[in-house]
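Participant: Protein chains in written order, with the working numbering: chain A, 4 to 144; chain B, 4 to 144. The structure follows.
Number of protein chains: 2
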Amino acid sequence: MFALDSRLQQDTLTIGDFPLCRLLLSNDANYPWFILVPRRDDISELFQLDVADQQQLWQETTALAELLKDLFDADKMNVATLGNVVSQMHMHVIVRKRDDAAWPAPVWGKHPARPYSAEQVATIRERLRLVLTEHFTFLEG
Amino acid sequence: MFALDSRLQQDTLTIGDFPLCRLLLSNDANYPWFILVPRRDDISELFQLDVADQQQLWQETTALAELLKDLFDADKMNVATLGNVVSQMHMHVIVRKRDDAAWPAPVWGKHPARPYSAEQVATIRERLRLVLTEHFTFLEG
Chain A
4 MFALDSRLQQ DTLTIGDFPL CRLLLSNDAN YPWFILVPRR DDISELFQLD VADQQQLWQE
64 TTALAELLKD LFDADKMNVA TLGNVVSQMH MHVIVRKRDD AAWPAPVWGK HPARPYSAEQ
124 VATIRERLRL VLTEHFTFLE G
Chain B
4 MFALDSRLQQ DTLTIGDFPL CRLLLSNDAN YPWFILVPRR DDISELFQLD VADQQQLWQE
64 TTALAELLKD LFDADKMNVA TLGNVVSQMH MHVIVRKRDD AAWPAPVWGK HPARPYSAEQ
124 VATIRERLRL VLTEHFTFLE G
């Protein structure tokens with residue numbers, strides 16, 4: 004039974020599930036900032052996943068990055084797994100623009116989160132529905 | 004013909020080559036901070052690599068992270084491709100410890116780089132020679 008870390012739960016909105024990962028939206032309107040969490044227990048490092056899961060994580064990460072780059076017209080995608088604070092393995096996939104609040108610095112710790120309005124989240128969800136048409140199940144967060 | 008970005012060249016030391024990537028050591032003794040650069044031209048995003056190269060990059064990244072975690076007794080490995088400043092695609096693989104200079108923050112922009120002495124670099128190179136025994140060619144930087 005998959006349990007999401009309480010800090011991730013608190014700071015994000017649930018979008019849905021890829022075959023391996025839950026897709027979360029960081030509740031920070033400064034950037035379109037998504038997080039993939041493999042639905043596996045007790046994993047904090049990439050290499051703790053079995054090889055099939057590693058390949059699936061990579062595939063979901065890369066596909067998501069490509070899709071978000073087009074959808075949000077990114078200047079650069081940032082992809083990272085850090086986990087210094089939240090040990091549950093999670094992969095950041097962040098849309099960066101040259102005029103965003105932190106550019107060119109990484110986003111972490113740069114600005115306080117600006118929570119989304121319900122309307123903003125609904126809009127993002129609708130946009131994602133147009134492109135996440137295969138191998139993805141939307142969940143109500 | 005592979006050409007390393009001038010900023011990467013300036014800020015790192017060359018360790019050697021995996022089948023796909025050049026392995027660099029960031030010239031910053033604050034952290035054991037390594038960088039993988041696929042030897043391919045004009046790539047800035049993961050999904051611009053062909054599928055075989057993507058799999059190879061993932062495999063080299065994951066294997067390197069696992070090996071460095073043991074070699075340097077990391078508390079956490081940080082793996083990231085950002086590229087907001089240097090557009091040539093590169094993957095950071097960074098050994099993090101709870102007592103390092105930036106913990107638990109990400110390393111970027113946190114502290115000025117502390118260049119290694121020649122002896123320190125020689126020691127790291129020797130330690131890497133013990134574990135990078137397959138599919139790796141050491142180069143003199």
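The beta-carbon is built from N, C-alpha and C at its ideal position, and this holds for glycine as well.
Applying a beta-carbon distance threshold of less than 8 Å, which residues of chain B neighbour Asn30/A?
Facilitator: Along the first sequence, one-based indexing puts residue 30/A at 27. Chain B residues near Asn30/A: none, gap ~20 Å exceeds 8 Å.
Participant: What residues in its chain sit with their C-beta under 8 Å from that of Trp111/A, if we drop five residues either side in the sequence?
Facilitator: Along the first sequence, one-based indexing puts residue 111/A at 108. Around Trp111/A: Leu85.
Participant: Look at the Cβ atom of Arg10/A, then the Cβ atom of Val89/A, and state whether they are nearer than 8 Å.
Facilitator: Mapped onto the first sequence, residue 10/A falls at position 7. Mapped onto the first sequence, residue 89/A falls at position 86. In contact: Arg10/A and Val89/A (Cβ atoms closer than 8 Å).
Participant: Check whether chain A comes within 8 Å of Pro118/B, counting only Cβ atoms and requiring the distance to be less than that.
Facilitator: Indexing the second sequence from 1 puts residue 118/B at position 115. Closer than 8 Å: no.
Participant: When we look at the beta-carbon of Leu52/B and count the other beta-carbons within 10 Å, is it buried (16 or more) or exposed?
Facilitator: Walking along the second sequence from the start, residue 52/B turns up at place 49. Per the 10 Å Cβ criterion, buried.
Participant: Return the CA-CA distance between Thr126/A and Arg132/A, expressed in angstroms with no decimal places.
Facilitator: Numbered from 1 along the first sequence, position 123 holds the residue referred to as residue 126/A. Numbered from 1 along the first sequence, position 129 holds the residue referred to as residue 132/A. Whole-angstrom Cα-Cα distance: 10 Å.
Participant: Considering only C-alpha positions, which residue in the set Thr15/B, Ala6/B and Met4/B is nearest to Pro118/B?
Facilitator: As a first step, residue 118/B must be located in the second sequence, where it is residue number 115. Among Thr15/B, Ala6/B and Met4/B, the Cα nearest to that of Pro118/B belongs to Thr15/B.
Participant: Could you round the C-beta distance between Ile38/B and Met94/B to whole angstroms and report it? I think they count as a contact, below 8 Å.
Facilitator: One-based indexing of the second sequence puts residue 38/B at position 35. One-based indexing of the second sequence puts residue 94/B at position 91. That pair is a contact at about 7 Å.
Participant: Measure the Cβ-Cβ separation of Asn81/B and Ile97/B and say whether it is below 8 Å.
Facilitator: As a working mapping, residue 81/B is identified with position 78 in the second sequence. As a working mapping, residue 97/B is identified with position 94 in the second sequence. A contact, by the Cβ cut-off of 8 Å.
Participant: Hey, Ala105/B and His114/B: beta-carbon distance below 8 Å or not?
Facilitator: Start at 1 with the first residue of the second sequence, and residue 105/B comes out as number 102. Start at 1 with the first residue of the second sequence, and residue 114/B comes out as number 111. Yes; because the gap between Cβ atoms is below 8 Å, this pair is in contact.
Participant: Cβ closer than 9 Å: which chain B residues qualify as neighbours of Ala83/A?
Facilitator: Sequence index remark: in the first sequence, residue 83/A carries index 80 (1-based). Asn81, Val82, Ala83, Thr84, Leu85, His95 and Pro109, listed in chain order.
Participant: Expressed to the nearest angstrom, what Euclidean distance is found between the alpha-carbon atoms of Arg99/B and Glu69/B?
Facilitator: Mapped onto the second sequence, residue 99/B falls at position 96. Mapped onto the second sequence, residue 69/B falls at position 66. Answer to the nearest angstrom: the Cα atoms are 13 Å apart.
Participant: Cβ closer than 7 Å: which chain A residues qualify as neighbours of Arg99/B?
Facilitator: Stepping through the second sequence from its first residue, residue 99/B is reached at position 96. Taking a Cβ-Cβ cut-off of 7 Å, the neighbours of Arg99/B in chain A comprise Asn87, given in sequence order.
Participant: Find the nearest neighbour of Gln57/A within the set Pro41/A, Glu129/A and Val124/A, judged by alpha-carbon distance.
Facilitator: Taking the first sequence and counting its residues from 1, the one referred to as residue 57/A is at position 54. Selected option, being the one with the closest Cα: Pro41/A.
Participant: Cβ of Phe50/B less than 8 Å from any chain A Cβ?
Facilitator: Here the question's residue 50/B lines up with position 47 in the second sequence. Yes, Phe50/B counts as interfacial toward chain A.
Participant: Listing by chain order, which chain B residues have their CB less than 8 Å from the CB of Gln57/A?
Facilitator: Residue mapping note: residue 57/A aligns to position 54 of the first sequence, counting from 1. Simply Trp61 and Thr65.
Participant: Going by DSSP in three states, Ala83/A sits in which element: helix, strand or coil?
Facilitator: As a first step, residue 83/A is located in the first sequence; it is residue number 80 there, counting from the start. It is a strand residue.
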